[in-house]
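J.: Residue numbers (my numbering): 933 to 1288.
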């Protein structure tokens, strides 16, 4: 959609908020796996296919690739062909690093326990075990495809790079609208059994998918001019929620955890100091949890993730954010026995007027 031509009036640019569909056939194969496990192995993330479909008032971009140099995805300019009603992650990324487990109570701040303190097949963490906060170096790597065009064809996979393993997978995205009213954007998440590429479920067990967690982390919102080919805002983690923020939604099929207090499920909320034990690092996650479905149910309960500001006469309202995926180590379904299981994730974004 080109918007820098004078003939495009603000009236033409008025868009009706609609539904953006993000389907992450995020197949996380755990044949060589590491959850809150006793062995230092990794959960391999393969076959990641994400399609995002937007109706009338919302457009989505996974970023601007340009000439396609490895790792060159950047913030999209307003006239870039990456702004579409439908985008696919597979047109951008090829190889994906392996996913190691982490734990979080708010979806933003993640922590992990040292391998040496994990026993009983991954079901017990010893009280003296060292616990650290994840850093940017713990992010799972994504290798960028070498070339991308408007049709999504003629893409060549970069094979030179081997993405690094990590504790969480962050997928950068942008949503924009030209609507002159504020728009609430909500997100519905489904986690289902993986298929073999022919819509046939893989019969490898269903427990580990219950340890999958998803959060959507807003970064920055701004009005970006449509009268020049201006770039939107770069996604930098320094602009994300700070450590005191706890109102992110944490999506999962079930939140049953190894550790509970007063009936509330728990995750790790802080790093260990010399004075603390593992049990003192845990906190309730019940205030932030959003139940999801298995794909066979009618699910209308969506959680609001951010609000798009009203666009100006010559500007889009643009929100940058990341979709974060991790394996919850404190989940009862994250252990050695669930090692060879995989799953798919789909996300559906919906925009509504603030007044609705």
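Beta carbons: idealized from backbone N, C-alpha and C, even for Gly.
1. Using beta-carbon positions only, say whether residue 1254 and residue 1122 come within less than 8 Å of one another.
2. Cα separation between residue 1202 and residue 1245?
3. Quick check on the DSSP output: the beta strand (DSSP E) that includes residue 1237 runs from which residue to which?
4. Quick one: what does DSSP say residue 995 is sitting in, helix, strand or coil?
5. Quick one, are the C-beta atoms of residue 1161 and residue 1009 less than 8 Å apart?
6. Mapping the DSSP letters down to three states, classify residue 1213 as helix, strand or coil.
7. What residue does the beta strand (DSSP E) around residue 1108 start on, and which one ends it?
8. How would you write the range of the beta strand (DSSP E) that residue 1150 sits in, first residue to last?
9. Is the segment 1040-1053 touching the segment 1191-1198, taking contact as three or more C-beta pairs under 8 Å?
10. Give me the Cβ distance between residue 1113 and residue 1286, rounded to the nearest whole Å; I'm assuming they're in contact under 8 Å.
11. What residues in its chain sit with their C-beta under 7 Å from that of residue 1192, if we drop five residues either side in the sequence?
12. Please list, in chain order, all residues of the same chain as residue 1167 whose beta carbon is under 6 Å from its beta carbon, the five residues on each side excluded.
13. Roughly how many angstroms separate the alpha carbons of residue 1056 and residue 1050, rounded to a whole number?
14. Have a look at 1281, 1119, 1264 and 1236 and flag the residue whose alpha-carbon is nearest the alpha-carbon of residue 1142.
15. Using the Cα positions of residue 1185 and residue 1125, report the straight-line distance between them to the nearest angstrom.
16. Check whether the Cβ atoms of residue 1256 and residue 1144 sit closer than 8 Å, and answer yes or no.
17. Is it right to say residue 1274 is buried, meaning 16 or more other beta carbons lie within 10 angstroms of its own, or is it exposed?
18. Expressed to the nearest angstrom, what Euclidean distance is found between the alpha-carbon atoms of residue 1234 and residue 1062?
19. Taking the C-alpha atoms as reference points, what is the distance between residue 1109 and residue 1211?
20. Do residue 1157 and residue 1247 have their CB atoms nearer than 8 Å?
21. Our contact map puts residue 1095 next to residue 1259 with C-beta atoms below 8 Å; I'd like the distance itself, whole angstroms only.
22. Comparing C-alpha positions only, which one of 1187, 1035 and 1240 sits nearest to residue 1214?
23. Look at residue 1182 and residue 1221 and say whether their C-beta atoms are less than 8 Å apart.
24. Give me, in chain order, the residues of the same chain whose beta-carbon lies closer than 8 Å to that of residue 1059; leave out the 5 immediate sequence neighbours on both sides.
25. When the Cα atoms are used, what is the spatial distance from residue 1155 to residue 1180?
T.: From the atom records:
1. Start at 1 with the first residue of the chain shown, and residue 1254 comes out as number 322. Start at 1 with the first residue of the chain shown, and residue 1122 comes out as number 190. Cβ distance not < 8 Å, so residue 1254 and residue 1122 don't count as in contact.
2. Position 270 of the chain shown holds residue 1202. Position 313 of the chain shown holds residue 1245. Approximately 45 Å, taken between the alpha carbons.
3. Mapped onto the chain shown, residue 1237 falls at position 305. Run containing residue 1237: 1235-1240, per the beta strand (DSSP E) assignment.
4. The residue you call residue 995 lines up with position 63 of the chain shown. Residue state, collapsed to three classes: coil.
5. By 1-based counting over the chain shown, the position of residue 1161 is 229. By 1-based counting over the chain shown, the position of residue 1009 is 77. Yes; because the gap between Cβ atoms is below 8 Å, this pair is in contact.
6. Looking up residue 1213 in the chain shown gives position 281. Note: residue 1213 maps to helix in three-state DSSP.
7. Position 176 of the chain shown, counting from 1, holds the residue named residue 1108. Start and end: 1101-1109.
8. What you label residue 1150 is simply residue 218 of the chain shown in a count that begins at 1. 1144-1157 is the extent of the beta strand (DSSP E) around residue 1150.
9. no
10. As a first step, residue 1113 is located in the chain shown; it is residue number 181 there, counting from the start. As a first step, residue 1286 is located in the chain shown; it is residue number 354 there, counting from the start. The pair is a contact, with the Cβ atoms about 7 Å apart (cut-off 8 Å).
11. As a first step, residue 1192 must be located in the chain shown, where it is residue number 260. Here the set comprises 1198.
12. For the purposes of this step, residue 1167 is taken as residue 235 along the chain shown, with counting starting at 1. Counting only Cβ-Cβ distances below 6 Å, and skipping sequence neighbours, we find 1104, 1151 and 1252.
13. Within the chain shown, the letter at position 124 stands for residue 1056. Within the chain shown, the letter at position 118 stands for residue 1050. If I take the Cα positions, the gap works out to 6 Å.
14. Sequence index remark: in the chain shown, residue 1142 carries index 210 (1-based). Comparing Cα-Cα distances from residue 1142 to each of 1281, 1119, 1264 and 1236, the minimum goes to 1264.
15. Along the chain shown, read from residue 1 onward, the residue named residue 1185 stands at position 253. Along the chain shown, read from residue 1 onward, the residue named residue 1125 stands at position 193. The alpha-carbon atoms of residue 1185 and residue 1125 are separated by roughly 12 Å.
16. Residue mapping note: residue 1256 aligns to position 324 of the chain shown, counting from 1. Residue mapping note: residue 1144 aligns to position 212 of the chain shown, counting from 1. It is not a contact, given that the beta carbons lie outside the stated cut-off.
17. For the purposes of this step, residue 1274 is taken as the residue at position 342 of the chain shown. By the 10 Å Cβ count, residue 1274 comes out buried.
18. Taking the chain shown and counting its residues from 1, one reaches residue 1234 at position 302. Taking the chain shown and counting its residues from 1, one reaches residue 1062 at position 130. Each residue's alpha carbon lies about 37 Å from the other.
19. To locate residue 1109, count along the chain shown from 1; it is residue 177. To locate residue 1211, count along the chain shown from 1; it is residue 279. Each residue's Cα considered, the two are about 45 Å apart.
20. On the chain shown, residue 1157 is found 225 positions in, with the first residue counted as 1. On the chain shown, residue 1247 is found 315 positions in, with the first residue counted as 1. It is a contact, given that the beta carbons lie within the stated cut-off.
21. In the chain shown, the residue the question calls residue 1095 occupies position 163. In the chain shown, the residue the question calls residue 1259 occupies position 327. Rounded, the Cβ-Cβ distance is 17 Å, inconsistent with contact.
22. Locating residue 1214 in the chain shown gives position 282, counting from the first residue. The option with the nearest alpha carbon to residue 1214 is 1035.
23. Here residue 1182 refers to the residue found at position 250 when the chain shown is read from its first residue. Here residue 1221 refers to the residue found at position 289 when the chain shown is read from its first residue. Cβ distance < 8 Å, so residue 1182 and residue 1221 count as in contact.
24. The residue labelled residue 1059 in the question sits at position 127 within the chain shown. So the list reads 1209, 1210 and 1211, once near-sequence residues are dropped.
25. Against the chain shown, residue 1155 aligns to sequence position 223. Against the chain shown, residue 1180 aligns to sequence position 248. Approximately 23 Å between the Cα atoms of the pair.
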